[in-house]
Amino acid sequence: MKGVILAGGSGTRLHPLTKITSKQLLPVFDKPMIYYPLTTLILAGVSEVLIITRPEDSSSFERLLGDGSDFGIEITYSIQEKPAGLAQAPLIAERFLNGEGFCLILGDNFLYGSGLGRKLQNLTNIQGSTIFAYNVSDPTQYGVVEVDSSGHALSIEEKPKVPKSDLAIPGLYFFDSEIIDICKKLNPSARGELEITDALKEYMRRGSLKVEILPIGTAWLDMGSFESLLEAGEFVHIVQSRQGILIGDPLTAMKTRSKTN
C-alpha cells in the first residue's frame, strides 16, 4: 500500500519558528516531527511514501530522509505551491498513486498505542474510506464525527461551535481510488480551501465511509501548537526513558513490522 504525508502548510500557530523552517522539521524530543507520521505509515505496512512539502522546504526533507532506503522504504517528493486544504493532497499525489488506494496522514500527526500497527495493517485493501475517531475534551477544535450505536457515521462537521459528539477525527485517512474524482469535484470552502470533511461526506453519502474508534490507551496529538508540541515531546521522553523503547523511529518501526508479518 502507498502512503502520502502532507507536510506543507504555513504552520502559523508555531510562528515565529515556522517562518524559517517547516513545522514538520521541528524537534519532538529527540527526533524531527516528520519521523512520527512516517513511522505510523511504516507500521501500517506502507513501503512507498510520497511527502508533499512547501517549495522552500523540499531540499531540507530530502537531506533528512533521502530516498528512504535507510529505512527500507521508497520515498519521493512533491511540491505544494500554495496551501489549499487537505483535500488538495490526493490531487497533488495523483500521478504517484496511479489509480491505487492509499493512506494519507498529516505531517504533524502523532499516534501511539499498543497494537496500532496491526490495526492499521488490516486496512490495506480498503474499499471506500476508513477514518478514525478519538474522544477529546474540546471537540470544537477539530473535525468531528457523529456515529450511531453500530459505528456508522451520521454526520461530519469541521470545528463545530456546538459539536454533536466528542469524537474528533485524527489526521489519518484510508481512501480507495475514488478519492481523486471526489476531490476534483469539490468546491473551495468559505476559507478558500478544499476541505477533507467534504470528501468524507461524499463517501458517507455513498454509504462507503467506515469509522474506527481508537481504543482507550492510544495517544493522539496534532503537534500543531506550542502546547501540543511540548506535550508530545514530554510523552516521548517519559515513555522512552521508563520503558527503554524508541517511539517514532522508522528503523525500529520497520523491525517491528517485520516481526509481525
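-3 is the number of the first residue of the sequence shown in the numbering used here; add one for each residue after it.
Each residue gets a CB set at the ideal place from its N, CA and C atoms; glycine is no exception.
For clarity, every value in this text was computed on a predicted model and none was experimentally measured.
- Scanning the stretch 194 to 246 from its first residue to its last, the whole alpha helix (DSSP H) runs of 4-plus residues come out as 222 to 239.
- Under the three-state reduction of DSSP output, Ala186 falls in the coil class, being neither helix nor strand.
- The way I'd put it, the stretch 166 to 178 doesn't touch the stretch 148 to 155; fewer than three beta-carbon pairs between them come closer than 8 angstroms.
- Secondary structure note for Thr136: it is in no beta strand (DSSP E), with a DSSP letter that is neither H nor E.
- Look at Leu168 here: in three-state DSSP terms it is strand.
- Residues Leu100, Ile127 of the same chain have their beta carbon placed closer than 6 angstroms to that of Tyr169, with the five preceding and five following residues left out of the count.
- With 16 or more other Cβ atoms from the protein chains shown falling within 10 Å of its own Cβ, Asn105 counts as buried.
- One thing to note: Ala164 has its Cβ within 7 angstroms of the Cβ of Pro135.
- The stretch 81 to 95 and the stretch 182 to 196 touch, with no fewer than 3 CB-CB distances between them shorter than 8 angstroms.
- Judged by DSSP secondary structure, Ala129 falls within the beta strand (DSSP E) whose first and last residues are 125 to 131.
- For Thr72, the enclosing beta strand (DSSP E) starts and ends at 70 to 75.
- According to DSSP, residue pairing for Phe98 in a beta bridge involves Lys(-2), Phe171.
- When the Cα atoms are used, Ser224 and Phe92 turn out to be separated by approximately 32 angstroms.
- In the DSSP assignment, Ala85 forms no beta bridge with any residue.
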